[in-house]
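Worksheet: one structure, shown below.
2 protein chains.
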Amino acid sequence: MKKFEIEDYISQLSMDSVIFGYEQKELKVLISKFKFGQDSWVLPGGYIKKTESIDQAAARVLKERTNLENIYLEQFRVFGDENRIVGSPFNEVMKKELPLFDAERFDEEVTAWITSRFVCIGFYALVDINKVHPQKGEFDEFLEWRSFKDIPQMVYDHNEILHFALEALRQHLDEKLIGFNLLPETFTMREVQELYEAIYDKAFTPSNFQKKMLDLNVLERLEKKFTGAQNKAPYLYRFKKN
Amino acid sequence: MKKFEIEDYISQLSMDSVIFGYEQKELKVLISKFKFGQDSWVLPGGYIKKTESIDQAAARVLKERTNLENIYLEQFRVFGDENRIVGSPFNEVMKKELPLFDAERFDEEVTAWITSRFVCIGFYALVDINKVHPQKGEFDEFLEWRSFKDIPQMVYDHNEILHFALEALRQHLDEKLIGFNLLPETFTMREVQELYEAIYDKAFTPSNFQKKMLDLNVLERLEKKFTGAQNKAPYLYRFKKN
DNA sequence: ACAAAAGTGTTGACCTTACACCCATGA
DNA sequence: TCATGGGTGTAAGGTCAACACTTTTGT
Numbered sequence: 001m002k003k004f005e006i007e008d009y010i011s012q013l014s015m016d017s018v019i020f021g022y023e024q025k026e027l028k029v030l031i032s033k034f035k036f037g038q039d040s041w042v043l044p045g046g047y048i049k050k051t052e053s054i055d056q057a058a059a060r061v062l063k064e065r066t067n068l069e070n071i072y073l074e075q076f077r078v079f080g081d082e083n084r085i086v087g088s089p090f091n092e093v094m095k096k097e098l099p100l101f102d103a104e105r106f107d108e109e110v111t112a113w114i115t116s117r118f119v120c121i122g123f124y125a126l127v128d129i130n131k132v133h134p135q136k137g138e139f140d141e142f143l144e145w146r147s148f149k150d151i152p153q154m155v156y157d158h159n160e161i162l163h164f165a166l167e168a169l170r171q172h173l174d175e176k177l178i179g180f181n182l183l184p185e186t187f188t189m190r191e192v193q194e195l196y197e198a199i200y201d202k203a204f205t206p207s208n209f210q211k212k213m214l215d216l217n218v219l220e221r222l223e224k225k226f227t228g229a230q231n232k233a234p235y236l237y238r239f240k241k242n
Numbered sequence: 001m002k003k004f005e006i007e008d009y010i011s012q013l014s015m016d017s018v019i020f021g022y023e024q025k026e027l028k029v030l031i032s033k034f035k036f037g038q039d040s041w042v043l044p045g046g047y048i049k050k051t052e053s054i055d056q057a058a059a060r061v062l063k064e065r066t067n068l069e070n071i072y073l074e075q076f077r078v079f080g081d082e083n084r085i086v087g088s089p090f091n092e093v094m095k096k097e098l099p100l101f102d103a104e105r106f107d108e109e110v111t112a113w114i115t116s117r118f119v120c121i122g123f124y125a126l127v128d129i130n131k132v133h134p135q136k137g138e139f140d141e142f143l144e145w146r147s148f149k150d151i152p153q154m155v156y157d158h159n160e161i162l163h164f165a166l167e168a169l170r171q172h173l174d175e176k177l178i179g180f181n182l183l184p185e186t187f188t189m190r191e192v193q194e195l196y197e198a199i200y201d202k203a204f205t206p207s208n209f210q211k212k213m214l215d216l217n218v219l220e221r222l223e224k225k226f227t228g229a230q231n232k233a234p235y236l237y238r239f240k241k242n
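Chains as they are written, first to last, in UniProt numbering: chain A, 1 to 242; chain B, 1 to 242.
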């Protein structure tokens with residue numbers, strides 16, 4: 001394969017994305033089993049082209065991994081310790097294995113570029129997990145949705161990045177009405193509540209939760225959803241876009 | 001003067017700082033009258049050395065401009081539009097005037113480096129304005145404390161950066177107890193209130209404000225301050241560091 | 001005595017929380 | 001008819017804003 005074009009990218013600046021999804025009452029994150037090292041897990045990330053904004057870079061990386069466009073994306077923090085990459089033992093693994101992986105594409109110069117010090121801009125994305133068809137990148141052995149409560153040890157400072165992403169999500173959730181990005185088009189009130197419970201990791205009282213949500217005036221009530229369960233059929237709701 | 005050492009810094013990555021102070025019931029910001037162009041105002045900023053973290057870079061720039069250390073510093077947003085520098089008319093001014101300013105220090109290569117596309121990390125700082133002795137950098141004609149309500153037209157996207165800095169300050173103010181960084185060691189309750197009013201640009205009811213502040217349990221009441229005014233002498237308070 | 005502002009106390013409105021109650025559905 | 005969960009209503013408690021009242025100081 002042809003040489004990786006380091007000239008196309010800003011050097012020493014990268015972005016990593018925390019892609020949140022929601023399924024089966026669990027907040028999940030799309031992470032990558034890396035091809036390098038042993039049992040190495042990383043966040044989907046990438047570099048910033050000299051010709052694109054950082055938002056475009058984040059959207060591009062997201063599109064590459066999820067095949068989705070127009071996704072809710074938010075930057076939340078910059079990770080800029082001078083040793084976050086260079087000081088990591090995993091970086092030595094990269095230095096060794098990158099040329100073995102593809103000597104033409106990752107020659108000495110490119111390998112040095114990739115394993116140099118990087119400042120990383122953290123983004124988080126909120127997606128409807130059912131719409132995602134994960135597409136692995138050239139460094140990914142596979143991609144996997146993992147419950148936020150079951151995140152493995154990750155390389156570099158990626159566990160820390162995940163921690164800050166959840167903090168930011170929690171903080172933004174009740175300011176802006178972004179939670180619905182994690183749900184399908186229509187949903188029951190219980191599903192919204194379970195989503196909030198998964199994110200905040202705490203229980204809410206159903207009656208009060210319903211009242212609070214409806215008072216926001218952002219949900220329109222649709223027909224009832226017949227579940228077949230031996231109880232009253234819940235209403236379906238849709239998020240008003242206005 | 002000797003050549004500017006672009007090799008010491010990460011290229012295409014910069015930081016700008018919004019340095020907040022408080023004086024005479026006004027929230028103020030330290031801005032720089034630039035030596036280049038006509039009536040050009042910029043935020044104090046700098047580059048990130050390859051050997052320092054972004055926090056260290058921010059602290060270094062702050063120390064250079066205020067001669068203060070251990071200042072409250074917080075990153076709040078990255079500004080990454082591809083045209084924020086290159087698309088700005090002011091960048092053409094820089095291209096012309098930098099070599100004229102000092103042809104040895106800013107040769108063709110250095111000028112190209114400085115006027116290339118930059119991604120900028122925004123930091124804000126909170127300082128006791130009385131402790132600051134502004135020290136201008138090599139590009140500053142002078143530094144000036146300006147009321148936030150009286151900010152001039154600034155170059156690049158620096159007005160936008162200021163806007164986001166105030167947003168972040170307001171948001172952080174009631175989460176963490178950071179406002180006291182803008183006040184001297186001791187202060188009256190009225191002064192705290194006027195500070196909050198300056199930041200939020202709205203009035204508070206004195207009795208309720210006092211109650212709320214005291215209920216936070218972070219202030220210790222000291223002796224009274226005899227002002228000489230024909231009214232009850234207010235207490236002085238100090239922020240508990242614990 | 002009076003004006004000015006500090007500081008305390010009181011009241012009512014509003015919002016949140018807990019929980020009782022009724023409703024629809026299938027076994 | 002009963003169990004189950006959906007949905008509504010209500011009362012108690014807490015928080016917050018408005019404002020009255022007392023206190024201290026200098027004129």
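Every residue, glycine too, gets a C-beta built ideally from N, C-alpha and C.
Contact between M15 of chain A and A59 of chain A is absent: CB atoms are separated by about 10 Å, not below the 8 Å threshold. The stretch 7-26 of chain B makes contact with the stretch 7-21 of chain A: 3 or more CB pairs, one atom from each, lie closer than 8 Å. Note: W145 of chain B is bridge-paired with B:L30 in the DSSP secondary-structure output. L62 of chain B is classed as buried because its beta carbon has at least 16 other beta carbons within 10 Å across all chains shown. Shown here for N67 of chain B: same chain residues with a beta carbon closer than 7 Å to its own, the five before and five after excluded, namely H133 and Q135 in chain order. In this structure, V18 of chain B and I121 of chain A do not form a Cβ contact; the two beta carbons are roughly 19 Å apart against a cut-off of 8 Å.
Of all residues in the stretch 167-183 of chain A, none has a C-beta nearer than 7 Å to a C-beta of chain B. Contact note: S11 of chain B reaches chain A through I10, S11 and Q12, using a C-beta cutoff of 8 Å and chain order.
I114 of chain A sits close to L98 of chain A, with the two beta carbons spaced by under 8 Å. Taking C-beta atoms as the reference points, Y124 of chain B and L169 of chain B count as a pair closer than 8 Å. Under the 10 Å beta carbon count, E82 of chain A is surrounded by 16 or more other beta carbons and is classified as buried. Cβ-Cβ distances below 7 Å link K95 of chain B to T111 and T115 in the same chain, with the five nearest sequence neighbours on each side left out; the list follows chain order.
Taking 8 Å as the threshold, the shortest C-beta distance from I71 of chain A to chain B does not fall below it. Think of a sphere of 8 Å around the beta carbon of T51 of chain B: the chain A residues whose beta carbon falls inside it are E82, in chain order. With a cutoff of 8 Å on beta-carbon distance, E220 of chain A and K240 of chain A are scored as near each other. In the DSSP assignment, F209 of chain A falls within the unbroken alpha helix (DSSP H) covering P206 to D215. The secondary-structure analysis by DSSP pairs V42 of chain A across a beta bridge with A:S32. Within the stretch 158-195 of chain B, the runs of alpha helix (DSSP H) at least 4 residues long that lie entirely inside it are, in chain order, 158-173. Under the Cβ criterion of 8 Å, D55 of chain A is counted among the residues facing chain B. The C-beta of R60 of chain A comes no closer than 8 Å to any C-beta of chain B. Assigned with DSSP and collapsed to three states, M94 of chain B falls in helix. Nearest in C-alpha terms to T188 of chain A, of all of A:S32, A:T227 and A:D55, is A:T227. Note: Q75 of chain B is bridge-paired with B:F123 in the DSSP secondary-structure output. Taking C-beta atoms as the reference points, G179 of chain B and L166 of chain B fail to come closer than 8 Å.
Take the alpha-carbon of K225 of chain A and the one of A233 of chain A: they are about 6 Å apart. With a cut-off of 8 Å on Cβ pairs, the stretch 157-166 of chain A is in contact with the stretch 35-49 of chain A, counting three or more such pairs. Per the coordinates, the alpha-carbon of F34 of chain B lies some 23 Å from the alpha-carbon of Y22 of chain B. Looking at the DSSP output, I19 of chain B bridges to B:A125. Residue state for K241 of chain B is assigned as coil, using DSSP reduced to three classes. In terms of Cβ geometry, G37 of chain B and V93 of chain B form a close pair [threshold 8 Å]. Within chain B, no C-beta atom comes nearer than 8 Å to that of I161 of chain A; the closest sits roughly 14 Å away. Between R146 of chain A and chain B, the shortest Cβ-Cβ separation is not below 8 Å. Residue B:E141 holds the alpha-carbon nearest to the alpha-carbon of I31 of chain B among B:E175, B:E141, B:L177 and B:N181. When secondary structure is reduced to three states using DSSP, R105 of chain B falls in the coil class, being assigned neither helix nor strand. At a Cβ-Cβ threshold of 8 Å, I54 of chain B and G87 of chain A do not count as neighbours.
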